[in-house]
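> Have a look at this one.
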Amino acid sequence: MSTGEKYLWAAYLVVFATVLVYVVLIALKVGRLERELTALAELTREREGGHG
Amino acid sequence: MQGFRHSAALLSLTAAVLLITGLSLAVFWAPEDADQGISQKIFYVHVPVALTSYAAFFWAAWKALRLLWKGGSRYDLESYTAVHMGVIFGALTLVTGSIWAKVSWGHWWVWSERQLTLFLILFLFYSAYFMLRYSTDPGPRRERTSAVYAIFGVVLIPVSFLAIRLAEGLIHPVVFKRDGPDMEGSMFLTFCVCLAAMLALAGSLYLLELSGKRADASLRELRERLA
Amino acid sequence: MTGYVADVAALARKDLLVELRTRDTVPAMLLFVVAALVVFHFALPAESARFAASGMLWIALLFTALLALVRAFVGERDHGTLDGLILAPCDRSAIWLGKTLSVLAFLLFAEAVALPAFALFYEDVTWELVAGVALANIGIATVGTLLGAMAAAARARELLLPLLFLPLAIPLVVGGVGATVSDDPGRYLAFLALYDLIFAVLAWASFEYVVTE
């Protein structure tokens, strides 16, 4: 592989890796949202139970 | 909401198809540049990423303008997310441009590269946008302040570009030229596919991020109401 | 129209009076700009070219201006007078214009010391340099006042303002240094005037959005 080719692949890989990292970050965020949603659902259920 | 999810899925699919097509065209089909050889193919990621970044900044300013015009937090979230995309693609522009500078001229940074210098200024400018947002309390004033700042950004783009051109003659004459004014047809086609791919990618990431931010906001509201 | 002018004049006079009584900002600016010019002598190589000295002058002026801009809204914020001004029955943009004029006055004071000091320590002051400084002042004051009002709402405003301001000031530095060292200063002066015009209109139009709750 020539030097030019190496740099070319490096540039393509950087873009790919960045998008990948970004998607992972979004996945983590979705996980957090899910946890919070579960906690909130739990809370509402407890409240309804307390009233009833 | 259903329609939103469908369009997001469709856009991501388009982005995936276009990305694969564009990269295959760039690697296997587009001819090698006579002067620069294979490394010229960085062009097919670098320039589309840069243009996408501009598009995101203009989108952010457009949403900011709508916010000032009509008001409403949804425009604030949209403008913020667009700046987010612009900064990510701007950082990618800096990195790929830097790699290109290294392979073409042997240095990781070349000040005579106008677009790259402009992106450095924009990167600094929009990074300060995040600082502004994080250190201001949420509310209508923050929304409007961020909007005004985002509008300043797109005005800064041509002004800075002019400034860089003026400064260039001052510091050193223009020596390098990246590519000739005319491209071969196959190169241009590949470039167009890659540009469409990057725009679709940015668009789908934008929708994804936006739905995350919206969910975050409604969750916070719900929690406050329950507490 | 005369009402607007009277409002602007009253607001600018208020800032100048406050400064006259407290002497918070201008003496600090004068001292800072002279100290910066002295420090630069030691930072520059012994055989420094004229180009380097002019560049250093512009950096000194920019950072001195930052001092004035940070101070411009600190007092308003600490004493809660900004809210009072916004409730006052005058156009909001008049607040911006009044503040811009007072910042401009402070800058002129600082430069009245900085330019002679520059002439004494380094190089002769040319008319191109004076024209460049005059035009850049307008840009610094218009953009800086708007950003100062933005930063005033934030928690870390003294830290934030330079971050917001410096990227926007890069074209001013290009124009100013160009007007000082280039053979063809007209182009750079015209660029500075263009910058002033664009950002003055933009800041004038958007100030209201930045200060109202």
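Chains as they are written, first to last, in our numbering: chain B, 1 to 52; chain D, 1 to 227; chain H, 1 to 213. Where is the CB? At the ideal position from N, CA and C, for every residue including glycine. The structure displayed is predicted, hence computed values, not measured ones.
Against chain B, does W69(D) count as a neighbour if the rule is that its beta carbon must be under 8 Å from one of theirs?
So no, W69(D) is outside the interface.
> Does chain B have any CB closer than 8 Å to the CB of T81(D)?
Chain B, which has no Cβ nearer than 8 Å to the Cβ of T81(D), makes this no.
> Taking three-plus beta-carbon pairs below 8 Å as touching, is the region 75-82 of chain H in contact with the region 167-177 of chain H?
Output reads no: the region 167-177 of chain H does not touch the region 75-82 of chain H.
> Tell me whether D7(H) is buried or exposed, calling it buried when 16 or more other Cβ atoms sit within 10 Å of its Cβ.
By the 10 Å Cβ count, D7(H) comes out buried.
> For F28(D) and G22(D), what's the separation of their Cα atoms in angstroms?
Cα-Cα distance, rounded: 10 Å.
> Would you decide whether D196(H) is buried or exposed? Buried here means 16 or more other CB atoms lie within 10 Å of its CB.
D196(H) is buried by the Cβ-count criterion.
> According to DSSP, is D124(H) part of a helix, a strand, or is it coil?
It is coil, neither helix nor strand.
> Using a C-beta to C-beta distance shorter than 8 Å, which residues of chain H count as neighbours of L118(D)?
Residues of chain H passing the Cβ test: none, with the nearest at roughly 10 Å.
> Does DSSP put F152(D) in a helix, a strand or coil?
Helix, per DSSP.
> Reducing DSSP to helix, strand and coil, say where G37(D) ends up.
Strand at G37(D).
> I'd like to know if L189(H) contacts chain D, where contact means its C-beta is closer than 8 Å to some C-beta of that chain.
No, L189(H) lies away from the interface with chain D (no Cβ there is under 8 Å from its Cβ).
> Going by other Cβ atoms of all chains shown within 10 Å of its Cβ, with 16 needed for buried, is L147(H) buried or exposed?
Buried.
> Assign V110(D) to one of three DSSP states: helix, strand, or coil.
Residue state, collapsed to three classes: coil.
> Report yes or no: is there a C-beta of chain D within less than 8 Å of the C-beta of I140(H)?
Not an interface residue.
> Could one say the Cβ of G31(B) lies closer than 8 Å to chain D's Cβ atoms, at least one of them?
Chain D contact via Cβ: absent.
> For the region 86-126 of chain H, which segments carrying the alpha helix (DSSP H) assignment without a break, of at least 4 residues, lie completely within its bounds, in sequence order?
For the region 86-126 of chain H, whole alpha helix (DSSP H) runs of length 4 or above, ordered along the chain, are 92-121.
> Do the CB positions of I26(B) and G212(D) come within less than 8 Å of each other?
Yes; because the gap between Cβ atoms is below 8 Å, this pair is in contact.
> With a cut-off of 8 Å on the beta carbons, I'd call A53(H) and M29(H) a contact; round off their distance for me.
20 Å between Cβ atoms; not a contact.
> Using three-state DSSP, classify D76(D) as helix, strand or coil.
Note: D76(D) maps to helix in three-state DSSP.
> Buried or exposed: where does C194(D) fall if 16 or more other Cβ atoms within 10 Å of its Cβ makes it buried?
C194(D) is buried by the Cβ-count criterion.
> Give the C-beta separation of A128(D) and L192(H) to the nearest angstrom, bearing in mind that I take them to be a contact with Cβ-Cβ under 8 Å.
Not quite, the Cβ-Cβ distance comes to about 23 Å (not below 8 Å), so this is no contact.
> Grab me the residues of L67(D)'s own chain with a C-beta within less than 8 Å of its C-beta, minus the 5 sequence neighbours each way, in chain order.
If we look at L67(D) and ignore the five residues flanking it on each side, its Cβ neighbours are Y75, D76, S79, E143, R144, A147.
> Quick check on R155(H): does DSSP put it in helix, strand or coil?
Here R155(H) sits in coil by DSSP.
> Residues of chain D with CB closer than 8 Å to the CB of G175(H), please, in chain order.
Going along chain D in sequence order, the residues near G175(H) (Cβ under 8 Å) are A163, L166.
> According to DSSP, simplified to helix, strand and coil, what is A12(H)?
Looking at A12(H) - three-state DSSP - the assignment turns out to be helix.
> Where does H172(D) fall in DSSP's three states?
With a pLDDT of only 47 at H172(D), under 50, the local geometry of the prediction cannot be trusted, and the value read off the model is given with reservation. H172(D) falls in the coil class under three-state DSSP.
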